[in-house]
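Mapping of the sequence shown onto UniProt numbering: residues 1 to 665, in sequence order.
Even glycine gets a Cβ: it sits at the ideal position worked out from N, Cα and C.
Down below is the structure, laid out as structure tokens.
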Amino acid sequence: MFLLSTALCNLATVRYDDAEEKWKTTGEPTEIALQVFTHRFDRGKKRMEAAGWKQVAEFPFDSSIKRMSVVYDVPEGNDAGLDAGSSVVFTKGAVERILDLCSYVGLDDDAEPMTEDMKDKILAQMTSFASMGQRVLAIAYRQWPGKYIAGKNDGMETGSDGSTPLGEKSEDAARNAVERNLTLLGLAGIYDPPRRETSPAIFDCALAGIKVHMLTGDHPETAKAIAKEVGIIPHNLGVFPAGVANTTVMKATDFDKMTDDEIDALEELPLVIARCAPETKTRMVEALRRRNAFMAMTGDGVNDAPSLSRADVGIAMGTGSDVAKSAAKIVLTDDKFNSIVAAIREGRRMFENIQKFVLHLLSSNVGEVILLIAGLGFRDQSRFSVFPISPLEILWINMVTSSFPAFGLGREKAGAEVMRKPPHNKKRGVFTHQIMADMLVYGLLMGICTLMTFVIVVYGMYDGELGHDCNRKFSESCIPVFRARAAVFAELTWLILLSAWEFKSIRRSMFRLNPDDQSKFPLFKDLYENRFLFWAVVIGGLSVFPTVYIPYLNEDVFKHTAISWEWGVVVGMTILYVVGLESWKYVKRTLNILDDHKVVRGVWSQGEEGAKRFSRAMTFASFRSFRSWGRSESKSRAQSSGALTPVTTQSRQNTFTLSPPLSPV
């Protein structure tokens, strides 16, 4: 009878495809597992219906009551010992919900009244299964007195003409009439192991200051076991403060009873909510919003749509319902939780790269502005200002020299600590305090170095001879200015190019960009990792020589001339600039200043570092159990809402545990 009830109170199908020579399934993963179980005893749904079992009514799964029932007519010659021509009710669902509807437990001579003591024993057995991470379902049945006729003997009111009204109250009355005086057949424990990549993804989230909340329809013990297994909560809740540990795992009924003020008074919101109803999701969204959290929520069922639409980022499963997809902002095609984490990593990489090339471009502009403004003080024989760098040289540097390294910075890989930092403050944007300070410091250093080069060449070697009309044409009197311009042009080009390498990390030394690399001198390996940027800098640096030495191009186009001993000044100032950049980075690291995103330490910090809390932590709430995240062989389901979305599963590896005292007969 247990196998019969499991097979028929089931919407999943299992069939063997002769053409492809493999088993194919459709349905919700839990039901598929139950159907596979019955097929192993040659009692699958298809075989039972072929034997004459005919479904006459169905009461689908409802997330508010967490059970479903079907009514079948009993065929002639059945081996279940039931009267032919009568009907039988098969029910399955959450254990605590089914027990309240049961009057007996067992079959035939072994049947016993359902006493409170018996309920306690069954609940203890369920808790034992659930604590091992198993999803536990109760299977029950009821012999209907005679033949079931919808609208006649099911408690549903009928009209004077015999018609059956379809009002909600009438349907509830029919369901209540069917789902009572049941006989409990047994418990089914199903273990659906988490994907291997889920736990590392949760670990990355914790280090990144991202809180992962799990809202599930499973039993609290099941939810707690799975949450511990994937790392949402620690095995020892004692690592949390007492006030947090007591509310880390909650039942949805307890959460729903709380007022908004009581929820807001919690030190931390629950990380796991079990037996979750659709309304619980909405309340969680609002509670997170009141805490100014940036939320990304996932779901795949129809009941998830309101919560998906209210979250900052709604993420629907690719195999979910069309309603959920339309309400979400993002559709996740592979249903993998680690894909969301990978997207966060990619987003942070892009954000950091934007900061890097913005810093690269603006710091060079600051240096050029300082050089040009200071250059207004250099006066030639006619009392006209002499430009330390010509307009065409500036255009060449901005359009050619700076462009390709900026593109290269945009192609940088994610840094080693990109997922060990809290989320960015969305109100702050790209221009953080550190970026603004770096832009001014690097630009000032660049402007001073190039200005000193111009002064050393003109005043150190040529006694300040600035010639006549040297901004327009070359003459013998303009040789000092033209040589100084060439030196400044070469130096500024190299400083901007080397800055691109320095900005591969805004805080770490260029000579040790990877903190995990233990080699003595990893400079070349680190720089060559981004080949586009490497060759952009190398080729850009070499392009200085033809622009300085090619006749006509140098004097008539760029307004500078060939140089010799000035290269020593250029190299010296370049080294001084690099030392200045490295010194500034060292000061920032040593004094721990201008750190926009402090690295989070500790797996269970949950967005904290010491006594400091990060007020804005992205929160992911899974509206289905994390143990079925992203199974490539199965379509996703709405776990918390209980929606039995038709899905396809090619193979499952679920483990069943049957309660010994309630084993099927």
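Secondary structure at V71: strand, using DSSP grouped into helix, strand and coil. In the structure shown, D108 adopts helical secondary structure according to DSSP, grouped into three states. According to the DSSP secondary-structure assignment, F351 is paired through a beta bridge with no residue. Around the C-beta of A138, 16 or more other C-beta atoms lie within 10 Å, and the residue is accordingly described as buried. Secondary structure at Y141: strand, using DSSP grouped into helix, strand and coil.
With 16 or more other CB atoms across the displayed protein chains lying within 10 angstroms of its CB, N10 is buried.
The shortest C-alpha to C-alpha distance from L332 to any of T25, G429 and G299 is the one to G299. Residue pairing by DSSP places G299 opposite A316 in a beta bridge. Of the candidates V455, D261 and S505, the residue whose Cα lies closest to the Cα of A486 is V455.
Per DSSP, the continuous beta strand (DSSP E) segment holding R15 begins and ends at T13 to D17. At a cut-off of 3 residues, the continuous stretches assigned as beta strand (DSSP E) that sit fully inside the region 239 to 288 are 249 to 251 and 272 to 274.
A direct Cα-Cα distance of roughly 15 Å separates A206 from A343.
Counted as a single uninterrupted DSSP element, the alpha helix (DSSP H) harbouring I435 occupies residues H433 to V455. Separation of L513 and G447 (C-alpha to C-alpha, rounded to the nearest whole angstrom) is 26 Å. Spanning the alpha carbons of V323 and D62 requires a straight line of approximately 18 Å.
S382 is a Cβ neighbour of D469, given a cutoff of 9 Å. Rounded to whole angstroms, the separation of the alpha carbons of P480 and F387 is 12 Å. By the CB criterion at 9 Å, G464 and S477 fall outside the cutoff.
Cβ neighbours of V272 within its own chain (closer than 6 Å, five residues either side excluded): M214, A223, A227 and V249. Secondary structure of R345 (DSSP, three-state): helix.
Excluding residues up to 5 positions away in sequence, E267 and E268 lie with their Cβ nearer than 8 Å to the Cβ of V244 in the same chain. Counting of Cβ neighbours within 10 angstroms places E28 among the buried residues, the total reaching 16 or more. With respect to the C-alpha of G93, the residue from P546, D110 and R67 having the closest C-alpha is R67.
DSSP links S103 through a beta bridge to no other residue. At the C-beta level, H360 and A500 come within 9 Å of one another. Setting aside the 5 residues that flank it on each side, F351 is surrounded in the same chain by H424, each with a C-beta closer than 7 Å to its C-beta; the list follows chain order.
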